[in-house]
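Residue 71 in my numbering is what sits at position 46 of the sequence shown, and the numbering runs on without skipping anything. Reading through the structure tokens given below for one structure.
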Amino acid sequence: MGNGLVLQFLAYSSHVHWCSMAIAKNRRAQCLNDLAQALRRYTDSCATTNPYLTAIEGFVVLRSDQPKLPSYRLFQPALCIAVQGSKWATFGDFRYEYNAGQAMVVTVEMPSRGAVSTASPGEPFLGFALVLDLAVLHELAEQIPSQPKSETHASSASPAGVCVIDLDAEVLDCLCRAMRMLETPAAIPILYPGLYRELLYWLLTGSGGGQILHTVVASSRENRLIAAIHELKTRFAEAVRVDELATIAGMSSATFHRHFKAITGMSPLQYQKELRLLAGRRLMLASGSNVETVATKVGYESAPQFSREYARMFGRPPRRDVRALTEIVSESF
């Protein structure tokens, strides 16, 4: 009799757990659908094109009606969210893909290559790019009494400053409320700061909270390393020595190299090279300067070396690449 009651209780508990999971799954699906519709309405009504800057600072709406060719950028700390469709990004030798209902969290400034991979006119890619306030994230992380364990684990070799997580219904609900807030701009400065903190709280305590906490802890422990990364970013065109950066980080050169790669997924030399090439591309597009002039400005002693490394990174020699990009921009008007 006693065993029978125990079995009945276990069966009941299992049923309740299954029902709770089903309710949470349905709520998440509904939130995701509502958010996709809100983004579709918003972008359909906008006179501007992607990316859509909103009345909320650091809250950018994204839409693409077709897959895109890869583009290069210097990532700032950000929360990159896919509501419909999918995107990918690479940091060093590591590739991250995130689909509808997922987000890529970046906590360190890093050069990156990425693109929209799944989109169509009928089902465009829809998403957000939110500036990640690391000070607020650290503050909330310190206030959370127990750190949740992540259900998935990134490779130990992958950059500690990046992760991809599933978004829970609570996070999606915050995004829905932020979209509604855009209809009443006067409320934004009063209400959005609290909503932003709530969104970060649900991120930290949700199913992907363990992964985010790992990136937060990794970056907070490496404050002096982050200072060295900032120094390299500021002086990318100079001949900065690794031992000089290691001194800023308070490490030996070998330890600095190891920790740098653990955070960014690339070596200091590769990081500096990608910064130089990104800056060179921007300069040629903005000013029309020739290859020789730009190569010198971004720190290369040899224009042929700049051209070789440029072609290796962007897939085309500088002049041909800039001409193609200029034609794409001209055809879009």
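Ideal Cβ placement from N, Cα and C applies to all residues, glycine included.
In the three-state reduction of the DSSP assignment, N315 falls in the coil class, being assigned neither a helical nor a strand state. By the Cβ-count criterion, E134 is buried, with 16 or more other Cβ atoms from all chains shown falling within 10 Å of its own Cβ.
Rounded to the nearest angstrom, the gap between the Cα atoms of C56 and G324 is 49 Å. The three-state secondary structure of T79, taken from DSSP, is coil. Of the candidates V130, T132, S111, S111 places its Cα closest to the Cα of E122. As DSSP reads the structure, T143 sits in a beta bridge with S111.
Residue pairing from DSSP places Y121 in a beta bridge opposite A114. According to the DSSP assignment, A203 belongs to the alpha helix (DSSP H) that extends over 194-206. Just so you know, the alpha carbons of N75 and I251 end up roughly 31 Å apart.
If you check the CB distance, A128 and A107 come in under 9 Å. With respect to L104, V130 sits close: the two C-beta atoms are nearer than 9 Å. Short of 7 Å from the beta carbon of L225, and not among the five residues preceding or following it, lie these beta carbons of its own chain, in chain order: V161, L162, L165. For R98, the number of other beta carbons within 10 angstroms of its own is below 16, and it is reported as exposed. For R98, the enclosing beta strand (DSSP E) covers residues 96-100. Beta bridge pairing from DSSP links V85 with L78, A154.
As a beta-bridge residue in DSSP terms, S137 pairs with R98.
Between S232 and D198, the C-beta spacing is not below 9 Å. Across the set L229, L200, Q236, the C-alpha of L200 shows the shortest separation from the C-alpha of L220. Rounded to whole angstroms, the separation of the alpha carbons of Q109 and D59 is 11 Å.
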